[in-house]
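Data block below; observations after.
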Amino acid sequence: MDDTMIEQMPSKLTEFVDVTILQQIQDWFAATTGVATVIRDVDGRLVTKPSHANKFCSLITGQTQGRERCRESNHQAAVKAAQTGRPVKYECHAGLTQFAAPIQIKGQWFGTIVMGDRPQTPLTPEAVRKLAAQTQADPDKLMEAARGLQPWSEEDMQQAITFMHSIANTLAQLCYQGMQLRQSVHEMTTLYEVSRLLTSTVHLDEVLTLIVKTVTGVLGVKACSLRLIDEKGDELTIAAVHNLSRKYLDKGPVRLSESLIDRAALRGEAVYVPDLTKDPRVLYPKEAQEEGLCSGLSVGLISKGKPIGAIHIYTGEPRQFSRDEVRLFRLLANQAAVAIDNARLHREHELRDQLERELAVAGQIQAQLLPRECPPTPGYDIKARSIPSRQVGGDFYDFVPLANDHLGIAIGDVSGKSVSGAILMAAARSALRAQIDYMYATRDIIARTNRSLCRDTRPTEFVSLFYGALDMQNRRFTYSNAGHNPPLLFRGSQEIPLEKGGPILGTLDDATFEEATI
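If you're matching positions, the sequence shown starts at 560 in the numbering used here and goes up one per residue.
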């Protein structure tokens, strides 16, 4: 708008649209949601008659003091909603949880939609009696009506405020642009039904399929495709399609560096292509012709200010999309982006829960494998403690009683964590004990344990292991170190690392190992 021009704006909501139309929209909204609704002006006075009002509220507003308290309570919330430009949740003077959404046109506040007639938690008898005294309502009748109030659920509140914001914005556009009522009601119904449909599942694959199928039906087009940006951030990969052949989908990659249409869509533009078979911006015009596609419209999927993909609709004949259709497509894309984001969050929560369960199982396995206590060793003080940096670590130790007052001592660390690490730990411990049962030389025990692990584990799995046999009578310790952090022998002021041995276990089948005695 030119700075020298001043746009004359009506001063009242009813100057935009007849109160009868407002009443019809409000009645439809209340009937659709089953929640009491009313439209008030900027001073909190009624513009329409309350729709779907319950007996509890009617008893209060039937009294002069009750009506004034309601007006003041709603006015305070309406002012806050107008300041933020978004719906606000508040508790009215009667203890009911309500929502107020501003009706604003080009930043100017003309009225408020007030919705809600339920408490978030049941009203106490004391609160009802106090309210009756304040409003001069019949206390017995008010108490009886309060018992019939069903508290809000968190899901109902979230859906209500989302839908309420949508209807407030649509009302403002209706008033300013003079849109036809039937078209506006159809749009609101569509968005509400789409929102309900998309929130009916939290599984990502199901959400994506619902999006493309629903968009195709709502906009009356031939087909729809939804692509998400890959991890590298350069290619848009197919996530869901409706009514497109496998041959068309296999036409080739869609890279952002090459696709002008998708780059523009991800910048927030709605990109219209009159003829997909001739437009130079189209990457695969021949394939589009073979598929029977003609016109197309593309918008980006934006989640929390960040582009995550693009959604495309296609027609089988030449078609121009109206501003209303483009706007509806954008709204559907916004809902789709939110649904995708929610589904991804749900999947992340599921994966985290699964990991926590795996860690718990692995922790149990590890706890069962580690010695409960150190064995008795007359003449020696032996203590051991394992503190994993995570819930489950790959470190382990073991004591193996041997003949002739000998004691086998093992310290190891396995690759991997969680259940796979715990299983590898169990395999390494079992393989070591199996060799100790019929062999004494530490280098041979380590070598045979290595061959066993090479045979029974995957190439990416390996174990570092320090094993030694303590001769308690002769005070000798013979060991072999297979790639483990060397234990330290302290003698006077000296620190002697016990390094003699060979490579880690599970990688080289023919590896040889040395041993040393201290």
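The C-beta atom is built at its ideal place from N, Cα and C for all residues, glycine as well. Source: prediction; values computed, not measured.
Buried versus exposed call for residue i [16 or more other C-beta atoms within 10 Å across all chains shown]
i, result
"Ser989", "exposed"
"Ala898", "buried"
"Lys781", "buried"
"Met564", "Legend: pLDDT at Met564 = 29, less than 50; position of this residue unreliable, value from coordinates given subsequently. Met564 should be labelled exposed."
"Phe575", "buried"
"Met560", "Caution applies to Met560, whose pLDDT of 28 falls short of 50 and renders its modelled position unreliable; the model cannot decide the point."
"Asp821", "buried"
"Gln1049", "According to the sequence displayed, residue 1049 carries Phe and not Gln. Exposed is the call here."
"Leu808", "exposed"
"Asn1009", "buried"
"Glu714", "exposed"
"Met674", "buried"
"Gly827", "exposed"
"Asn963", "exposed"
"Gly1060", "buried"
Whole-number beta carbon distance between residue j and residue i, since they are thought to touch under 8 angstroms
i, j, result
"Ala692", "Phe615", "With a Cβ gap of about 16 angstroms, Ala692 and Phe615 do not count as contacting."
"Phe1025", "Pro1046", "6 angstroms"
"Asp957", "Pro934", "The Cβ separation is near 11 angstroms, so there is no contact."
"Ser854", "Val885", "Ser854 to Val885, Cβ: 13 angstroms. No contact."
"Ala696", "Pro646", "Incorrect: roughly 28 angstroms between the Cβ atoms, too far for contact."
"Asp972", "Asp954", "5 angstroms"
"Val774", "Ile870", "7 angstroms"
"Arg805", "Gly868", "Their Cβ separation, rounded to whole angstroms, is 20 angstroms, which puts Arg805 and Gly868 out of contact at 8 angstroms."
"Thr1037", "Gly1027", "6 angstroms"
"Ile580", "Thr694", "Actually they do not touch by this definition, with Cβ atoms about 32 angstroms apart."
"Ala659", "Ala636", "4 angstroms"
Bounding residues of the beta strand (DSSP E) (the contiguous stretch that carries residue i)
i, result
"Thr796", "794 to 801"
"Phe1049", "1047 to 1050"
"Ser1011", "Segment 1001 to 1015 is the alpha helix (DSSP H) holding Ser1011; no beta strand (DSSP E) there."
"Val774", "Where Val774 is concerned, there is no enclosing beta strand (DSSP E), although the alpha helix (DSSP H) it sits in stretches over 763 to 778."
"Thr680", "Note, Thr680: premise wrong, no beta strand (DSSP E); not H, not E."
"Pro960", "954 to 961"
"Ala704", "Counting along the chain, Ala704 falls outside any beta strand (DSSP E), though it belongs to the alpha helix (DSSP H) covering 698 to 706."
"Glu650", "647 to 650"
"Pro661", "656 to 664"
Span of the alpha helix (DSSP H) around residue i
i, result
"Ile820", "819 to 825"
"Gln667", "Run containing Gln667: none in the alpha helix (DSSP H); it sits in the beta strand (DSSP E), 667 to 677."
"Glu846", "844 to 850"
Residue i - partner residues in DSSP beta bridges
i, result
"Gly1027", "Ile968, Tyr1038"
"Val830", "Ser857"
"Cys783", "His801, Ile872"
"Pro1056", "Leu1047"
"Leu1064", "Val1022"
"Ala898", "Per DSSP, none; premise fails for Ala898."
"Ser862", "Lys865"
"Ala1075", "Tyr1038"
"Val973", "Val1022"
"Arg814", "Glu794"
"Ile788", "Leu795"
The ligand NAD heavy atom lying under 7 angstroms from the CB of residue i
i, result
"Tyr873", "No copy of the ligand NAD occurs in the structure displayed, which carries no ligand at all."
Please give the ranges of any alpha helix (DSSP H) in the stretch 579 to 641, keeping only runs that are unbroken, at least 4 residues long and fully inside the region. Taken in chain order, the complete alpha helix (DSSP H) segments of 4 or more residues contained in the stretch 579 to 641 are 614 to 620.
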